[in-house]
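Residue numbers (the UniProt record's numbering), protein chains in the order written: chain G, 1 to 436; chain U, 1 to 436.
Ideal Cβ placement from N, Cα and C applies to all residues, glycine included.
Source: prediction; values computed, not measured.
To keep things clear, I will list the structure first and then write my remarks on it.
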């Protein structure tokens, strides 16, 4: 088939777990295609692993395996390095060494990019090499490239993402079956959709890292994981999900990145929390462990990118797509678009973020309670969109949905209501998203 | 804000209708951003129009307008040309002249690419310039770039697209309201979703052009509009839509591009026709005039790209995204990935395409009819998945859904059934898609 007269590009792979072994498989199975699309052969010259004796999915040639990752990235004859180890160290040092030694890098490392992307981008810039990371957000779904290139002539206003498959699987099951969080988590763990220690997924840390990366890209501003407000789904109850259903809505864990008017000009809000969205919203139909990223931009309008958010083979597909581009750039001795942080907007604290609340209150069943609740909202400057009264006697409930207000005002309103004697319980508090 | 020390890139715009005027607007409003992302200013030096005295959406500087498009693209000092005239000529000659004179080209011209893309790609290759066309398929939705770059390390198996907003609007209304085609078409025309002469949309010509472009890209094979089998939606009846509803499905006009085993190796099937898809399929929830492209690839799995498929501003967003990339390439004196036709698979005729049929028959209400119908399918080698009997007496109906078979065998089966005396009428025939 296609062969190239150009000398092969030399590639090292760091990590050979579920993603790395699929990268090796695709490199072998699609070698002809890759050569045709790149313009030169891509030759795998080394694979750094911690345990060379481990049985692996793909037949990784034993002679390529090494435990000396530092030696591998320092050898100086590499054109390309793929990093799929994950975590902060040694991944960061290895990427920096690879760049210093003249290799372009493709990484799937969301945690590292969200914590210290600017160091990596600066090193890539200095070395005049590429640093690509499509696989770091939403697995196989092309979202980095569309944000960085396709929408380069547009202005992104908002990104709403379902970027964690574990939590979407759990919330989807809670919605479908009416079950509680703990019960569904167990099922997700049994099926392999959740890890034994589910904290990173369930408490929103994974999604927050992705939110930082998406916000940085969308708004040309450095946003780190520490800048992202984060709430997980472990407090989401069957009653919250039922409340959502009554509103013809579903509960999703959303990564939300918005451009807003701040006190000193355009400002960025980046946050991860469960929210109700209407069932008619395109994100509401994202089921199971799938991911999707919904983008609102000034000229293009509403776009959505949907697909598998994790898994060895999908993630490897994203890595290989980057690898072809980066390899072409190496052959042409150019770089793709680098980090773009020229806007450097302020990042708003959560309290200043504008949002809407859905609040369900168990209340005394007597005249005047509705007025008193409305008064509490008004005192905090929060305007009410709808109030629904349900039940009688001990089951009397008020369901309030607010208009948009600052999160600080909304949160203070709820605290205030909790202290009122006619409020027996605040049975559900949830933010509402998905309209403009 | 950001300024660049590099000399400006000189851009000519061909056409200044709904898309062109939005391109001018975005160039002006986002000038600083574009400079920051490109690395040099983009300077609009001329706009070719037919009627310079026409009132335009954006304030296009009068002194840039010219009726001499040939003179504009021949002047030899252009770096970039955007073509948004549409149609075959003079667009083709102008693009070829622009490339010969050293400009890279961004076009939104699906008809031209689908009819004679290979001439354009060859010219771009020869001139060592870019030819980008994200806006040609599905408006603002980034689909060309994901197929060409993000999935470059993967193998696409199938593309299912809702790529025509007019027909999706009509079918969606028929589903929601239960109305007939003619009635909804009138409403669509009144609302501006369909043109006075709706043939190009309604009969599937527009979608067929896009299918040719998608199939070419996805399978590295030259597919022209003439290779694409085409059926429009003017024959879709309220009863077809009701039949779909009974199957928990919806009718969509799909552009379908598949890689299949052909008689001489891998072969491509490219076709446009109405089909039933299950309501649970992600494409089923694409409402109104929105577009979406569903991609199944070997490693990445199922991806979907969703957004507005037309409109001046969304299409201009896609043009600008391409323009930034092409401009960066010009500054670096490189080209992006060119046409990739190395696979050059055979294109299967429709008769050889594997598909499934949903057939509703009005039949005699007597014992033995079901057996006779089943026998007719069996004689053509078509296996039946489900049969449902409904009604009695004059209302007796059989609804048959077949397993996968060649379109030729399925079509012959239906012809055969029409001729049987116990079949009063074949009330609905529709292909079924959306499962593997």
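Cβ-based neighbour list, residue i, same chain, cut-off 6 Å, excluding 5 preceding and 5 following
i, result
"residue 135 of chain G", "108, 315, 318 and 319"
"residue 380 of chain U", "409, 412 and 413"
"residue 256 of chain U", "160 and 271"
"residue 306 of chain G", "292"
Neighbour flag for residue i against chain U, beta carbons, 8 Å
i, result
"residue 437 of chain G", "Missing from the structure shown is residue 437 of chain G; chain G here goes from 1 to 436 and no further."
"residue 337 of chain G", "yes"
"residue 149 of chain G", "yes"
"residue 308 of chain G", "yes"
"residue 303 of chain G", "yes"
"residue 88 of chain G", "no"
"residue 155 of chain G", "yes"
"residue 383 of chain G", "no"
"residue 146 of chain G", "yes"
"residue 263 of chain G", "no"
"residue 437 of chain G", "Only positions 1 to 436 of chain G appear in the structure, and residue 437 of chain G is not among them; the question remains open."
"residue 141 of chain G", "yes"
Opening and closing residue of the alpha helix (DSSP H) in which residue i lies
i, result
"residue 468 of chain G", "The structure shown does not extend to residue 468 of chain G, since chain G is modelled only from 1 to 436, so the question has no answer here."
"residue 205 of chain G", "205 to 219"
"residue 35 of chain G", "31 to 38"
"residue 332 of chain U", "312 to 332"
"residue 375 of chain U", "369 to 379"
"residue 186 of chain G", "181 to 191"
"residue 384 of chain U", "Note, residue 384 of chain U: premise wrong, no alpha helix (DSSP H); beta strand (DSSP E) at 384 to 390."
Residue i at chain G interface by Cβ criterion, 8 Å
i, result
"residue 300 of chain U", "yes"
"residue 233 of chain U", "no"
"residue 133 of chain U", "no"
"residue 321 of chain U", "yes"
"residue 332 of chain U", "yes"
"residue 16 of chain U", "no"
"residue 376 of chain U", "no"
"residue 138 of chain U", "no"
"residue 3 of chain U", "Note on residue 3 of chain U: pLDDT 48, under 50, position unreliable in the model; the coordinate value appears next. Closer than 8 Å: no."
"residue 158 of chain U", "no"
"residue 419 of chain U", "no"
"residue 404 of chain U", "no"
Nearest-angstrom Cα separation, counted from residue j out to residue i
i, j, result
"residue 250 of chain G", "residue 398 of chain G", "19 Å"
"residue 216 of chain U", "residue 76 of chain U", "31 Å"
"residue 258 of chain U", "residue 356 of chain U", "14 Å"
"residue 68 of chain G", "residue 228 of chain U", "54 Å"
"residue 159 of chain G", "residue 94 of chain G", "31 Å"
"residue 349 of chain G", "residue 407 of chain G", "10 Å"
"residue 27 of chain U", "residue 33 of chain U", "9 Å"
"residue 210 of chain G", "residue 113 of chain G", "9 Å"
"residue 42 of chain U", "residue 78 of chain U", "11 Å"
"residue 128 of chain G", "residue 200 of chain U", "48 Å"
"residue 3 of chain G", "residue 340 of chain U", "With a pLDDT of 48 at residue 3 of chain G, under the threshold of 50, the modelled position of this residue cannot be trusted; read the value that follows with caution. When rounded, the distance between both Cα atoms is 14 Å."
"residue 162 of chain U", "residue 207 of chain U", "8 Å"
"residue 177 of chain G", "residue 235 of chain G", "18 Å"
Same chain only: Cβ atoms within 8 Å of residue i, ignoring 5 sequence neighbours per side
i, result
"residue 204 of chain U", "164, 167, 230, 231, 232, 233, 253, 272 and 273"
"residue 304 of chain U", "282, 283, 292, 293, 294 and 295"
"residue 416 of chain G", "376, 379 and 380"
"residue 180 of chain U", "174, 237 and 238"
"residue 385 of chain U", "356, 401, 402 and 403"
"residue 372 of chain U", "420 and 422"
"residue 300 of chain G", "151 and 154"
Start and end residues, beta strand (DSSP E) containing residue i
i, result
"residue 255 of chain U", "249 to 262"
"residue 448 of chain G", "It is not possible to answer for residue 448 of chain G, since the shown part of chain G is limited to 1 through 436."
"residue 60 of chain G", "First-last for residue 60 of chain G: undefined, no H or E at that position."
"residue 428 of chain U", "423 to 432"
Cβ shell of residue i (< 7 Å), same chain only, five flanking positions each side left out
i, result
"residue 148 of chain U", "217 and 337"
"residue 65 of chain U", "47, 49 and 52"
"residue 72 of chain U", "12, 46, 48 and 66"
Cβ-heavy atom distance, residue i to the ligand MG, below 7 Å
i, result
"residue 216 of chain G", "Because no ligand of any kind appears in the structure shown, any question about the ligand MG cannot be addressed here."
> Is the segment 363 to 372 of chain U touching the segment 324 to 336 of chain U, taking contact as three or more C-beta pairs under 8 Å?
Replying inline: The segment 363 to 372 of chain U makes no contact with the segment 324 to 336 of chain U, as fewer than three CB pairs between them are under 8 Å.
> Between the segment 217 to 224 of chain U and the segment 345 to 352 of chain U, are three or more C-beta pairs nearer than 8 Å?
Replying inline: With a cut-off of 8 Å, the segment 345 to 352 of chain U and the segment 217 to 224 of chain U count as touching, because enough Cβ pairs lie within range.
> Should the segment 88 to 105 of chain G be called in touch with the segment 118 to 135 of chain G, which here means at least 3 C-beta pairs below 8 Å?
Replying inline: The segment 88 to 105 of chain G vs the segment 118 to 135 of chain G: in contact.
> Relative to chain B, which residues along the segment 16 to 36 of chain G have a C-beta separation below 8 Å, given in chain order?
Replying inline: Looking for chain B here will not work: the only protein chains present are G and U.
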